[in-house]
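Below: one structure, written as structure tokens.
2 protein chains.
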Amino acid sequence: MNGPAADDHSPWMPFESRRRARDEKREAVLRTAVHLFLEQGYHRATLNDVAERLNITKPALYNYFRSKEEILFECWALGQEQVDDIIAGINVSGENGLGKLRALVRAYAATMATEFGASMVRFNPRDLSPENEKTVRAAKRGIDQTFRRYIADGVADGSIKPCDPKLTAFAIAGSLNWIGHWYQRDGALSPGAIADEFAMRLTEGLATRSIKKKSALEAPDGNNSRKRPKGGHHEHHPRPAARAADQPGRAGHRLRRPPT
Amino acid sequence: MNGPAADDHSPWMPFESRRRARDEKREAVLRTAVHLFLEQGYHRATLNDVAERLNITKPALYNYFRSKEEILFECWALGQEQVDDIIAGINVSGENGLGKLRALVRAYAATMATEFGASMVRFNPRDLSPENEKTVRAAKRGIDQTFRRYIADGVADGSIKPCDPKLTAFAIAGSLNWIGHWYQRDGALSPGAIADEFAMRLTEGLATRSIKKKSALEAPDGNNSRKRPKGGHHEHHPRPAARAADQPGRAGHRLRRPPT
DNA sequence: CGCTTATATTACTCACGGGTAATAAAAAGT
DNA sequence: ACTTTTTATTACCCGTGAGTAATATAAGCG
Chain A
2 MNGPAADDHS PWMPFESRRR ARDEKREAVL RTAVHLFLEQ GYHRATLNDV AERLNITKPA
62 LYNYFRSKEE ILFECWALGQ EQVDDIIAGI NVSGENGLGK LRALVRAYAA TMATEFGASM
122 VRFNPRDLSP ENEKTVRAAK RGIDQTFRRY IADGVADGSI KPCDPKLTAF AIAGSLNWIG
182 HWYQRDGALS PGAIADEFAM RLTEGLATRS IKKKSALEAP DGNNSRKRPK GGHHEHHPRP
242 AARAADQPGR AGHRLRRPPT
Chain B
2 MNGPAADDHS PWMPFESRRR ARDEKREAVL RTAVHLFLEQ GYHRATLNDV AERLNITKPA
62 LYNYFRSKEE ILFECWALGQ EQVDDIIAGI NVSGENGLGK LRALVRAYAA TMATEFGASM
122 VRFNPRDLSP ENEKTVRAAK RGIDQTFRRY IADGVADGSI KPCDPKLTAF AIAGSLNWIG
182 HWYQRDGALS PGAIADEFAM RLTEGLATRS IKKKSALEAP DGNNSRKRPK GGHHEHHPRP
242 AARAADQPGR AGHRLRRPPT
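In order, the protein sequence lines correspond to chains A and B.
Sequential numbering of the first sequence, starting at 2, is according to our numbering.
Sequential numbering of the second sequence, starting at 2, is according to our numbering.
And the structure:
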């Protein structure tokens with residue numbers, strides 16, 4: 002952010018470009034890792050596998066991460082970051098309870114169709130260090146509470162029929178989380194279609210007034226999803242330093258070099 | 002079943018009692034194993050842990066199972082057996098599509114609140130041998146198709162509103178499967194209450210005519226579930242040999258000794 | 001060009017845990 | 001009581017894979 006207007010004589014430019022290259026490599030590791038972890042499971046996928054796929058060798062990975070466990074955690078964190086952003090956006094949207102719930106369902110469904118999103122629900126927190134496990138569990142609790150809050154808000158403002166927020170949140174979040182288990186990125190269903198369909202199906206039983214269904218199955222790819230679900234290249238912007246979400250904890254140390 | 006009327010002089014009696022004792026030990030292993038596998042994850046839980054909890058040593062386990070993988074598979078199979086029974090019962094019930102779907106949702110929810118039921122969705126099929134993995138995937142496909150069939154039946158007979166059976170089945174099964182991830186057996190929610198609530202919540206949006214809700218949350222334990230959700234002792238009868246469900250494959254070799 | 005720092009490699013350590021003898025202790029059967 | 005079978009134990013093997021030197025190569029950078 003403090004970068005001087007980069008001509009080409011600046012002695013700082015190479016520094017920055019080096020850092021950027023490093024960050025790109027870090028992300029490449031995470032993308033390969035999350036793919037293999039999802040495909041084979043965390044314990045069956047070895048760091049040799051990850052390295053081999055990147056055309057390097059295992060010890061090279063330790064230039065970017067302290068341990069396999071840290072890689073696992075960082076994969077999860079990238080998914081969690083997406084969700085934090087989604088929630089932060091909805092919180093300032095000024096919608097009523099039902100509107101916020103629908104927005105969350107839709108965006109969360111699209112996230113679950115990404116590999117980092119799926120990692121949030123397919124990785125086992127028990128495989129993390131005690132400290133990271135606590136962070137993950139706190140974040141999961143935060144998501145659950147957000148669902149419940151939106152539902153309770155909707156009941157309070159009259160947009161959602163009276164119901165038990167706890168079990169209703171479980172039912173909705175369950176459907177969404179399950180996407181991470183069955184969704185095949187090479188399958189027939191587009192993330193947009195899934196997100197639209199789930200947003201409709203999961204909330205139609207809750208609305209106090211009937212929903213105007215627009216035959217969601219026919220729209221193969223709505224242009225209305227805030228985050229592009231699957232662009233060919235750099236799947237998500239290079240992250241402008243840390244980003245503070247309003248939700249619980251998570252130390253904001255995105256992208257730091259561990260070894261030195 | 003060919004047992005002679007056992008007085009007390011029969012020389013066959015000890016044989017039977019021996020077999021029974023063996024089967025009880027086998028099941029004890031599976032109950033301990035499924036508990037630890039769910040608690041710590043399959044790879045973190047060691048056979049030493051399992052054995053220690055049974056007050057024996059690791060090699061003793063090999064009198065009952067060929068490998069750790071076989072234990073994993075048998076845990077899954079016990080859960081799958083419950084589901085097969087449920088489906089077989091519903092298939093001959095003569096209900097309409099919505100009725101069958103509701104019955105399945107209710108019984109499946111209760112199963113997910115058991116450890117063997119949860120193992121069906123928390124274990125990773127990739128940890129099984131190729132052959133067993135195929136069996137598991139076929140069974141999963143069978144369950145999915147049953148959900149879709151009941152929904153399609155309901156649409157055909159007019160009890161369910163027109164909808165996409167595939168995505169609707171995903172949404173419902175997702176909610177139910179997720180129970181296996183969050184349900185705490187020592188928590189406040191009883192399996193019966195969850196089953197009732199989910200059966201209501203997940204199908205109310207589908208019914209062509211409005212549902213007569215009876216405030217399901219207040220009924221802590223309905224007496225109407227065909228299988229008792231959680232009896233204190235012998236969780237399921239000693240299994241009268243093999244049991245053939247109508248669904249796909251699974252070799253019916255329950256309870257055989259591997260070594261000899 | 002030399003000095004320093006980042007990045008990668010080869011070759012290794014080592015704990016962990018599934019699985020296997022070899023063998024002892026019970027039970028069952030005769 | 002003697003034999004056989006079942007069930008368990010102790011003591012080991014050994015493949016695997018995370019993580020670590022020691023070291024080579026390449027890239028800033030004055």
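Even for Gly, the Cβ is constructed at its ideal location relative to N, Cα and C.
Given the structure is predicted, the values throughout are model-derived calculations rather than measurements.
Cβ neighbours of residue i in the same chain (closer than 6 Å, five flanking residues each side left out)
i, result
"A:TYR184", "ALA114"
"A:ARG21", "none"
"A:LEU31", "GLU75 and CYS76"
"B:ALA174", "PHE148"
"A:ALA284", "Past the edges of chain A, shown from 2 to 261, lies residue 284 of chain A, and the structure says nothing about it."
"B:VAL122", "ASN178 and GLY181"
Exposure label - residue i; buried when at least 16 CB within 10 Å
i, result
"A:THR58", "exposed"
"B:ALA189", "exposed"
"B:ASP187", "exposed"
"B:SER18", "exposed"
"B:ALA40", "Before going further, note that residue 40 of chain B is Glu rather than Ala in the sequence given. Answer is exposed; the Cβ neighbour count stays below 16."
"B:TYR63", "exposed"
"B:SER68", "exposed"
"B:ASN49", "exposed"
"B:ALA217", "Since pLDDT at B:ALA217 reaches only 42, below the 50 mark, its modelled position is unreliable, and no value is offered."
"B:PRO131", "exposed"
"A:ASN178", "buried"
"B:ASN133", "buried"
"B:GLY172", "The identity of residue 172 of chain B in the sequence shown is Ala, whereas the question assumes Gly. The residue is buried, with at least 16 neighbouring Cβ atoms inside 10 Å."
"A:ALA139", "exposed"
"A:THR204", "buried"
"A:GLU25", "exposed"
"B:ARG142", "exposed"
"A:ARG210", "exposed"
Nonlocal neighbours in the same chain, by C-beta distance under 8 Å from residue i, ignoring five residues either side
i, result
"A:GLY98", "TYR151, ILE152, ALA153, ASP154, GLY155, VAL156, ALA157, ASP158, SER160 and ILE161"
"B:CYS164", "ILE152, VAL156 and LEU207"
"A:SER94", "GLY100, LYS101 and ALA104"
"A:ASN56", "none"
"B:ALA34", "ALA46, VAL51, ILE72, LEU73 and CYS76"
Chain B residues whose Cβ lies nearer than 7 Å to that of residue i
i, result
"A:ASN125", "GLY42"
"A:LEU203", "ALA172"
Residue-chain proximity (residue i, chain A), Cβ-Cβ < 8 Å
i, result
"B:ASP128", "yes"
"B:GLY80", "no"
"B:GLY118", "no"
"B:ARG20", "no"
Proximal chain B residues relative to residue i, where beta-carbon distance stays under 8 Å
i, result
"A:PHE199", "LEU168 and ALA172"
Contacts that residue i makes with chain B (C-beta to C-beta distance below 9 Å)
i, result
"A:HIS92", "A small correction: the amino acid at residue 92 of chain A is Asn; His does not occupy that position in the sequence shown. None at all; the shortest Cβ gap to chain B is about 24 Å."
"A:GLY193", "Per Cβ cutoff of 9 Å: no residues; A:GLY193 is ~13 Å from chain B at best."
Beta-carbon proximity list for residue i, same chain, < 7 Å, skipping 5 on both sides
i, result
"B:ASN225", "For B:ASN225, the predicted structure reports a pLDDT of 39, less than 50, and the residue's modelled location is therefore unreliable. A value from the coordinates is still provided. Same-chain partners within the cutoff: there are none."
"B:LYS167", "ARG149"
"A:ALA52", "THR58, LYS59, ALA61 and LEU62"
"A:HIS1", "Missing from the structure shown is residue 1 of chain A; chain A here goes from 2 to 261 and no further."
"B:ILE91", "LYS101, ALA104 and LEU105"
8 Å Cβ cut-off: residues of chain A touching residue i
i, result
"B:ASN178", "GLY175, TRP179 and HIS182"
"B:GLY188", "By Cβ distance, chain A contributes nothing, its closest Cβ being about 11 Å from B:GLY188, past 8 Å."
is_contact[residue i, chain B] using C-beta, thresh 8 Å
i, result
"A:LEU73", "no"
"A:GLY155", "no"
"A:ASN133", "no"
"A:ARG159", "The sequence shown places Gly at residue 159 of chain A, not Arg. It does not: the Cβ of A:GLY159 has no partner Cβ on chain B nearer than 8 Å."
Partners in chain A for residue i, counting only beta-carbon separations shorter than 9 Å
i, result
"B:GLY143", "Within chain A, no residue comes near B:GLY143; the closest Cβ sits about 15 Å away, beyond 9 Å."
Can you list, in chain order, the residues of the region 45–70 of chain A whose Cβ is nearer than 9 Å to any Cβ on chain B? ARG45
Return the residues of the region 94–111 of chain B that lie within a Cβ-Cβ distance of less than 8 Å from chain A, sorted by chain order. none
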